[in-house]
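Asks:
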Amino acid sequence: MTPDSLADAAQSKIQTDSELTARHLEYMKRMVAVESRSFGVNEYPGDRETPTDMRDILQLAGEYLRDVGFQNIRVNEPAPGPVRATPILMAEIRAGDEKPTVLLYAHLDKQPYMDDAQFNKWGGTPPWELRWNEDKTRAYGRGAADDLSGVVAIGMAVDALLRSLGGAPDSLNEDALLRLPCNVKVVFETEEESGSATLIEQILQNREFFSSCDCVIITDVVNPATGVPGLTTSLRGIVQTYVSLKSVGGGQSMDAATALYKMLASLTDGDQSLAVEKIVRADAPVTDEERIGLEKVPTSVAALREMAGLLPEILLTVPEDKVEMLVAQLRKSYANARPGHRVCGGVILGIAGARLGFKLKPGSAGDVLTARLRETIDALNPFRLKVGLNKVSGGEGDEFRLDLIVQSATKDPHSGVNGGPFPVPEMQLAKMIVGIAGAVLTLEEFIEVSDGHPAMKVESLFADQEGAVQLFENKTAKALVEIRLAPGNDEEQAREFLKKHLRANTPQGFTAEFDDDKGGPPWMSGIDHPAFSKMLASLEAGFQTPACLYGCGGSIPFVGKLMDALGEIPPLCIGAYDSDCQMHEPNESLSMKDLLGCARSIAHFISHIEKAFPNS
C-alpha cells in the first residue's frame, strides 16, 4: 500500500460509529473504572487510605496492547529507593531493523476525585463510572481525558493500521506487522500526576528499549479548542513548596494566619504579576514571530474567559487581547497558593475564604464595623471579584466574626492551563487580608486594639462553589505555594529564589519552615526537524481542520526529563483532549472529536513517516 492509501484506510476505521471505535471505548470504560490515583487518597469517609501500586491498571493496559497486536509487553520494576515509585509498561511491534522507530507515550495514573462521598460535583455518578452526554459527543470520568485518551488514541491508531494491512485483532499475522512503515514502541507511565519522580531511572534501566527511537509522540497535552489540533512546543514548569509559620517568642502584633497571608501577598504585585524578581527575569522573551503564531491560534477572549469559568464582571490581569492572554498563560511565570490543608490537584480555586475575628469594644455595633470593612475591601478589589462578608453566629466570648468570601469563577480551573491572565482568588484574598489588618488600626473606636495582642484573628476556610464553608481541623498556619515556571527558568534555582523571597517577607516575630513538594522543569523545543512539519500535516489530516503551533501553560515534568534521557530526537506533543475537558477538576470529560482526531493523526503520521525520516 502507498502511504496515502494506508492512511486513508486506517482513518476510515476510526469513526464515531465504527466497530473499531466501539471496541476501544469499551476498554476506555474499563480503564476509567480502575483505581489509579497517584495521590489524594482518603478524600472522604470510606475512601482508600493508601495510594494504589498501579498493578490493576498495568494489567489491564497490558491486556489492551496485546489485543491490539503489540509484542514483548512487560512491566518494569523500579529500583528500590526513598521515593515512592510505580512501574512503567513497555511494549513494541518490530517491523524491520532498517525502518525508523517511533516511541508513543501516555500515562495511566489519575488525579484525585476532588469531591466527597456523594460526588455531587460529578452529577452524583462516581468518577470511576464512565458516562456520556445525550448526543454521545463527550464522555465523563476521572482520567477519561487526562490521560486515558492518549492511551486509547495510541491503541486505536495502531489497531487501525494493522487491520488495514491485513491483520485482525484475533488473528494478527506476521506479514501485517512487517508491512508497518516503522517500528512502534509504547511506554505507559504510572506516576506522571505525582511528578514522574523515577521515570528517568526506569528509562535508564531499559536503555536498549529506548536507544533506537527516532522520535517520540507524547499524547498528554491540551488542544487550543474542541476539535482544533495544536502541536505543543513549549511547557511551563512547576515548583511547589509547603510553608508553615510559627511564632517566635510572644507579643506579636498579628496572629500566625494573618502573618501567613501577609507573606503570600508579597508574591505578587498590584497587577498580580509575579514579584519574585529573579524568576521573572529568567522568563524567555516572546518573539515577534511567536506573537504572530499566537494570533493564529483559533480562540478568542470570550472563549478563554469561558474556559476558565470567569464571572462576567471579572477583570483580567492583562489587557483584553487574545495574544496578551495567551502569552500570560503560556510564557509568563505566575504564583498560586492554597492556604489551609485542602486536598486538591493543580487547580486555581475559583473561590476562596477566610474567617475574621474581632474583639468589639462595649457598645460597638457589628453592623457598622462590617460596613466600614466593606469600604476597605472594595478599595482592595481591582479585578472586581465577587465579595461576600457574612456575619457568623456564635463565637468565643465577645468575639465578632465575619466570613470573607471572594470568587472569580464558577469552577476550579486547571492551574497551569488557565493561570496568568485571570485573577487568583487566594492571592487576591491575601492582599485583602493585609489591607484589612492595616485598616483595623484605624478602627479603634469599634475594636479593642492593644500592644502585643492581635486586633484581628484569621482562620483559613474551605469554601466551595455551592456556598458551603467550613474551618480546617488543622489550625496551623500552612499553605502550599506554587510557581508555574515559564521557559527560560531552571527548576532548582527557581525553588531557591522562591524560598529566599518568602524568608525575606516573613513578618517579624515568626519563622518559616519549608517542605518541598513536586516540581518539574519548563521546556521549549525548536521545530527545524522535518518531523514537526509532517506532524502538523498529519494533525490537519486527522482533525480535518488546520493545525497550529501551540504551548501549554500546564506543567508536564516528564517531558524535559524524557528528552534528556532520549537525546536529540524530535518530541511531538499532541492532544487527545480539548480545553473544555476540565482535567484535574470534578466532572472531567473527553471530547470524541479530539480523541478520534488524535488517533487518526497518529495513524496518518506513521503511514507517512518515511517523509520525516527518509534516511532511516
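In case it helps, my numbering puts the sequence shown at residues 1098 to 1713.
Glycine included, C-beta positions come from ideal geometry on N, C-alpha and C.
Use the C-beta contact count for Ile1314: other C-beta atoms within 10 angstroms, 16 or more gives buried, fewer gives exposed.
Replies: Counting Cβ neighbours within 10 Å, Ile1314 comes out buried, since at least 16 surround it.
Asks: Taking the straight line between their C-alpha atoms, what separation do you get for Ile1300 and Phe1559?
Replies: Rounded to the nearest angstrom, the two C-alpha atoms are 40 Å apart.
Asks: Spatial neighbours of Arg1600 within its chain, please: CB distance less than 8 Å, with the 5 preceding and 5 following residues excluded, ordered by chain position.
Replies: These residues qualify, in order along the chain: Ala1609.
Asks: Could you tell me whether any non-hydrogen atom of the ligand GTP is closer than 7 Å to the CB of Ala1372?
Replies: Looking at this structure, you won't find the ligand GTP or any other ligand, since it has none at all.
Asks: At what residues does the alpha helix (DSSP H) containing Met1529 begin and finish?
Replies: 1522-1537 is the span of the alpha helix (DSSP H), which, as asked, contains Met1529.
Asks: To the nearest angstrom, report how far apart Asp1200 and Val1325 are at their CA atoms.
Replies: At residue 1200 the sequence reads Leu, which differs from the Asp that was named. Each residue's alpha carbon lies about 24 Å from the other.
Asks: DSSP puts Phe1611 in a beta bridge; with which residues?
Replies: Beta-bridge pairing links Phe1611 to Val1340.
Asks: Figure out for me which residue from Glu1523, Ser1261, Leu1693, Thr1603 has the closest Cα to the Cα of Gly1447.
Replies: Checked all of Glu1523, Ser1261, Leu1693, Thr1603; the closest Cα to Gly1447 is Glu1523.
Asks: Could you say which of Ser1261, Thr1099, Ile1376 lies nearest to Ser1109 if we only look at CA atoms?
Replies: Comparing Cα positions, the closest option is Ser1261.
Asks: Rank Lys1207, Met1253, Ala1506 by C-alpha distance to the C-alpha of Asp1561 and give the top, closest one.
Replies: Of the listed residues, the one whose Cα sits closest to Asp1561 is Ala1506.
Asks: From the DSSP output, in three-state form, read off Ser1505 for me.
Replies: Coil.
Asks: In this structure, does DSSP put Ile1300 in helix, strand or coil?
Replies: The answer is helix: DSSP assigns Ile1300 an H, G or I state.
Asks: Do the stretch 1147-1158 and the stretch 1279-1292 touch if we need at least three Cβ pairs shorter than 8 Å?
Replies: Contact holds: three or more Cβ-Cβ distances are below 8 Å.
Asks: Any contact between the stretch 1513-1533 and the stretch 1645-1652? By contact I mean 3 or more CB pairs, one from each, below 8 Å.
Replies: These segments touch.
Asks: Give the straight-line distance between the Cα atoms of His1121 and Thr1222, rounded to the nearest whole angstrom.
Replies: Computed Cα separation, rounded: 22 Å.
Asks: What residues in its chain sit with their C-beta under 8 Å from that of Val1394, if we drop five residues either side in the sequence?
Replies: Pro1321, Gly1327, Lys1419, Leu1423, Cys1645, Tyr1647, listed in sequence order.
Asks: Give me the DSSP bridge partner(s) of Val1283.
Replies: In DSSP, Val1283 forms a bridge with Ala1188, Leu1201.
Asks: For Leu1361, which three-state DSSP category applies?
Replies: Helix.
Asks: Considering only residues of the same chain and omitting the five flanking positions on each side of Pro1142, which have a CB-CB separation below 7 Å?
Replies: Excluding sequence neighbours, Pro1142 sits near Ala1214.
Asks: Tell me, please, which residues DSSP counts as bridged to Tyr1674.
Replies: Answer is Val1319.
Asks: Classify Ala1399: buried if its beta carbon has 16 or more other beta carbons within 10 angstroms, exposed otherwise.
Replies: It counts as exposed.
Asks: Please state whether DSSP places Val1424 in a helix, a strand or coil.
Replies: Reduced to three states, the DSSP call for Val1424 is helix.
Asks: Write down the C-beta distance between Arg1235 and Ser1688 rounded to the nearest angstrom, noting that I regard them as a contact closer than 8 Å.
Replies: That pair is a contact at about 6 Å.
Asks: Could you pull the start and end residues of the alpha helix (DSSP H) that Val1454 belongs to?
Replies: The amino acid occupying residue 1454 in the given sequence is Gly; Val does not appear at that position. Element bounds for Gly1454: not the alpha helix (DSSP H) but the beta strand (DSSP E), 1448-1456.
Asks: Answer with buried or exposed for Leu1595, where buried requires no fewer than 16 other C-beta atoms within 10 angstroms of its C-beta.
Replies: Per the 10 Å Cβ criterion, buried.
Asks: Would you mind giving the Cβ-Cβ distance between Pro1224 and Gly1247, rounded to the nearest angstrom? I have them listed as a contact below 8 Å.
Replies: Not really, about 18 Å apart at Cβ, beyond 8 Å.
Asks: Could you say which of Asn1280, Ala1119, Glu1298 lies nearest to Lys1312 if we only look at CA atoms?
Replies: Here residue 1312 is Cys; the residue named in the question, Lys, does not match the sequence. Checked all of Asn1280, Ala1119, Glu1298; the closest Cα to Cys1312 is Asn1280.
Asks: Could you tell me which of Arg1333, Asp1244, Ala1362, Asp1475 sits nearest to Ser1686, measuring between CA atoms?
Replies: Looking at the Cα atoms, Asp1244 is the closest of the given residues.
Asks: According to the Cβ coordinates, are Phe1519 and Val1465 closer than 8 Å?
Replies: No, they are not a contact pair.
Asks: Please classify Ser1308 as buried or exposed, where buried requires at least 16 other C-beta atoms within 10 Å of its C-beta.
Replies: Burial call: exposed.
Asks: With a CB to CB cut of under 8 Å and the five nearest residues on each side skipped, what residues in its chain are close to Val1537?
Replies: So the qualifying residues of the chain are Phe1455, Ile1544, Val1546, Ala1552, Met1553.
Asks: What did DSSP end up calling Pro1100 once you bin it into helix, strand or coil?
Replies: Pro1100: helix per DSSP, three-state reduction.
Asks: Mind checking which residues open and close the alpha helix (DSSP H) that includes Thr1473?
Replies: 1463-1476 is the span of the alpha helix (DSSP H), which, as asked, contains Thr1473.
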